[in-house]
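Engineer: Here it is, the structure in full.
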Amino acid sequence: MYKLLLCWRYLRTRWIALASVISVTLGVATMIVVNAVMAGFSHEMQTRIHGILSDIVFESHSLSGFQDPQWHMEEIRRAAGDSITGMTPTVAVPAMLSFQVRGQWITRQVMFIGIDEATHAAVSDFGSYLQHPDNRRQLSFSLRDGGYDTTDSQSEGPGPSRPALGGAGWPHRRMRVERERIWQKRLEEQEGAAAGRAEPTRPIDAQVDAVLAATGDEAATAAAPAPVTDAGTEEAAPQNPFAAARPEQGRTMDPATEQFTGVVPGIGLASFRDSKGIDRFLVLPGDDVKITFPTAGTPPKAVSDTFTIVDFYESKMSEYDSNFVFVPIAALQRMRGMIEPETGISSVNSIQIKLKEGANLDEVRNRLRGAFPAELYAVSSWRDKQGPLLSAVDMEMAVLNILLFLIIAVAGFGILAIFFMIVVEKTRDIGILKSLGASASGIAGVFLGYGLFLGIVGAGAGLILGLTITWNLNHIRAAVEWWTGQTVFDPSIYYFFKIPTIINPATVIWIIIGAIGIAVAASVLPALRAARLHPVEALRHD
Numbered sequence: 006m007y008k009l010l011l012c013w014r015y016l017r018t019r020w021i022a023l024a025s026v027i028s029v030t031l032g033v034a035t036m037i038v039v040n041a042v043m044a045g046f047s048h049e050m051q052t053r054i055h056g057i058l059s060d061i062v063f064e065s066h067s068l069s070g071f072q073d074p075q076w077h078m079e080e081i082r083r084a085a086g087d088s089i090t091g092m093t094p095t096v097a098v099p100a101m102l103s104f105q106v107r108g109q110w111i112t113r114q115v116m117f118i119g120i121d122e123a124t125h126a127a128v129s130d131f132g133s134y135l136q137h138p139d140n141r142r143q144l145s146f147s148l149r150d151g152g153y154d155t156t157d158s159q160s161e162g163p164g165p166s167r168p169a170l171g172g173a174g175w176p177h178r179r180m181r182v183e184r185e186r187i188w189q190k191r192l193e194e195q196e197g198a199a200a201g202r203a204e205p206t207r208p209i210d211a212q213v214d215a216v217l218a219a220t221g222d223e224a225a226t227a228a229a230p231a232p233v234t235d236a237g238t239e240e241a242a243p244q245n246p247f248a249a250a251r252p253e254q255g256r257t258m259d260p261a262t263e264q265f266t267g268v269v270p271g272i273g274l275a276s277f278r279d280s281k282g283i284d285r286f287l288v289l290p291g292d293d294v295k296i297t298f299p300t301a302g303t304p305p306k307a308v309s310d311t312f313t314i315v316d317f318y319e320s321k322m323s324e325y326d327s328n329f330v331f332v333p334i335a336a337l338q339r340m341r342g343m344i345e346p347e348t349g350i351s352s353v354n355s356i357q358i359k360l361k362e363g364a365n366l367d368e369v370r371n372r373l374r375g376a377f378p379a380e381l382y383a384v385s386s387w388r389d390k391q392g393p394l395l396s397a398v399d400m401e402m403a404v405l406n407i408l409l410f411l412i413i414a415v416a417g418f419g420i421l422a423i424f425f426m427i428v429v430e431k432t433r434d435i436g437i438l439k440s441l442g443a444s445a446s447g448i449a450g451v452f453l454g455y456g457l458f459l460g461i462v463g464a465g466a467g468l469i470l471g472l473t474i475t476w477n478l479n480h481i482r483a484a485v486e487w488w489t490g491q492t493v494f495d496p497s498i499y500y501f502f503k504i505p506t507i508i509n510p511a512t513v514i515w516i517i518i519g520a521i522g523i524a525v526a527a528s529v530l531p532a533l534r535a536a537r538l539h540p541v542e543a544l545r546h547d
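See below:
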């Protein structure tokens, strides 16, 4: 009992012990907050990676792919047993996406992916990343007549504002066509005026301005034709994006009522996010783009076609949102020459496989690897596809934990120094206790108990502080941004509008145990020294 009383007394009266408690508290709190944030980032990243990739990807080494995907899916199901819940074929090829903004062509490198709209959403979270509610229920590559989300549907709280999407779809396309027609009429009249046949009319200018104002979004303004000087010469006059309408059965397509093959590009290809978290769009659903991609022949040839944007894909992984463009698989197969004219058998270069809940991912992958020749096919899980990235995150978390644990280790050295000072200062008291019958183990127990008390108090306070900061981290971030006027967590970089956090109880327990263990370990040497003091030697110089 005297050991507990002495420990409690020293804990209450020795102010120097407060420094050790604070060190342990800050170390524990820091580790809890950092681990929660890192776990949140890792979870969000893995969720989004897995959202676009199915559980297992079965693919060809060649861009020309393999024939008869239906036969391959039957063989895959036979090899994997009853572990598969869904499959869908895809075609993925590198391509170049081009569109006009203010009379200038913008060209970006993309991955052009042909998907089956009827089955693709069943093997991934693709559907939940689209901007139109009807497309989230069932994807269609037909342009919608408005109804696109003007806020982020994936955001739990107030998401980014996207007012430009309010008029997207057929309303935006019809407005663009009307504006192009008015502009073309204006060009013709000014060309006639320059040739001395007519005078340019100002009402046409007013019509153009009225149409531009009626669009109500920055995408229409950004794509507006360049101005014409009073002399009648064009200043970087763009080509009419609707003038290339492909003839069908001897007629010219009317872009106001018809569309080209629909595509769904990543939202990062068509927009940018300003410092206020508002998405600014360069093109919108209803606009046409040109895509150039290789054929499946040998050697491959470059072919181009015009497509109509019908929706945007937003996984919130910048690598995907700024790189992927989705198109109906049948259209891509036809344009690349991946359909045999005689037999009608198509080719694909990958099959996405969804496993049943609880199925062993690695086991199924290994079965498929054993059933198909590795020289022709590559079989990998979604973790294999992003192995280096996931390994880098895990390594970063491990190194960061080691570095942060050194903070608690520093507190341990402080406890060690304080306890050695107490042993020297309390040599007489130790001698008196031993002369009264206290054993060496009892004296050692006083210091070990004192270290245990310091660890428990510091770890407990750190636990409360760490959990409080983690639960209110986004409120703290907002307060710091308001106070300093600086952006602490820029959504344009992370594509998060709040800091993700996940508190893992097992991690918290290990942090607490580690902190208490360091505090106890730091008191071992001083406890041994105090236990070895002889009572006569301790009292001789008193």
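According to the numbering used here, the sequence shown is numbered sequentially starting from 6. All C-beta atoms in this analysis are idealised placements derived from N, C-alpha and C, irrespective of residue type, glycine included.
May I ask you to report which of helix, strand or coil DSSP gives residue 385?
Structural biologist: strand
Engineer: Which ranges does the beta strand (DSSP E) cover as unbroken runs of at least 3 residues, wholly within the region 335-401, from first to last along the chain?
Structural biologist: The qualifying runs are 355-360, 382-386.
Engineer: How many Å lie between residue 145 and residue 290 at the Cα?
Structural biologist: 13 Å
Engineer: Report the rounded CA-to-CA distance for residue 147 versus residue 490, giving the unit in angstroms.
Structural biologist: 45 Å
Engineer: Which residues in the same chain as residue 342 place their Cβ atom closer than 7 Å to its Cβ, once the five residues preceding and following it in sequence are excluded?
Structural biologist: 300, 301, 302
Engineer: Could you pull out every residue in the same chain whose Cβ sits closer than 8 Å to the Cβ of residue 413, ignoring the five residues on either side in sequence?
Structural biologist: Closer than 8 Å at the Cβ level, and outside the excluded window around residue 413, lie 28, 29, 32, 33, 36, 519, 520, 523.
Engineer: Here's the rule I'm using: 16 or more other beta-carbon atoms within 10 Å means buried, otherwise exposed. How should residue 76 be labelled?
Structural biologist: exposed
Engineer: Whose C-beta lies closer than 6 Å to the C-beta of residue 40 among residues of the same chain, with five residues either side of it excluded?
Structural biologist: 512
Engineer: Drop a sphere of 10 angstroms on the beta-carbon of residue 535, count the other beta-carbons inside from all chains shown, and report buried for 16 or more, exposed for fewer.
Structural biologist: Note on residue 535: 16 or more other CB atoms within 10 angstroms of its CB, so buried under the neighbour-count rule.
Engineer: In the DSSP assignment, find the unbroken alpha helix (DSSP H) run with residue 180 in it and report its ends.
Structural biologist: 175-199
Engineer: For residue 63, which of helix, strand or coil comes out of DSSP?
Structural biologist: strand
Engineer: Do residue 334 and residue 96 have their beta-carbon atoms positioned less than 7 Å apart in this structure?
Structural biologist: yes
Engineer: Taking 7 Å as the limit between beta carbons, can you name the residues of its chain near residue 130, skipping five residues before and five after?
Structural biologist: 56
Engineer: Can you list, in chain order, the residues of its chain with a C-beta nearer than 8 Å to that of residue 207? Leave out the 5 residues immediately preceding and following it.
Structural biologist: With a pLDDT of 46 at residue 207, under the threshold of 50, the modelled position of this residue cannot be trusted, and the question is left open.
Engineer: So if DSSP puts residue 285 in a beta bridge, which residue, or which two residues, is it bridged to?
Structural biologist: 277
Engineer: If distances are taken between C-alpha atoms only, which option among 25, 54, 48, 61 comes closest to residue 385?
Structural biologist: 61
Engineer: Consult DSSP for residue 107 and reduce its assignment to one of helix, strand or coil.
Structural biologist: coil
Engineer: Could you compute how far the alpha carbon of residue 493 sits from the alpha carbon of residue 505?
Structural biologist: 14 Å
Engineer: Leaving out five residues before and five after residue 356 in sequence, what residues of the same chain have Cβ atoms less than 8 Å from its Cβ?
Structural biologist: 62, 63, 64, 74, 77, 78, 81, 92, 93, 94, 95
Engineer: Ignore the nearest five residues each way along the sequence and tell me which others in residue 266's own chain have a CB closer than 6 Å to its CB.
Structural biologist: 312, 336
Engineer: Taking just the CA atoms, how far does residue 195 sit from residue 235?
Structural biologist: Unreliable placement is indicated for residue 235, whose pLDDT of 37 sits below 50; no coordinate value is reported for it.
Engineer: Residue range of the alpha helix (DSSP H) that residue 150 falls in?
Structural biologist: Where residue 150 is concerned, there is no enclosing alpha helix (DSSP H), given that its DSSP letter is neither H nor E.
Engineer: So, helix, strand or coil for residue 551, using DSSP?
Structural biologist: Since the first and last residues shown for the chain are 6 and 547, residue 551 lies out of range.
Engineer: Is the CB-CB distance between residue 25 and residue 453 below 7 Å?
Structural biologist: Their beta carbons are not under 7 Å apart, which means residue 25 does not touch residue 453 by this criterion.
Engineer: How would you call residue 167, buried or exposed, if buried means at least 16 neighbouring beta carbons within 10 angstroms?
Structural biologist: buried
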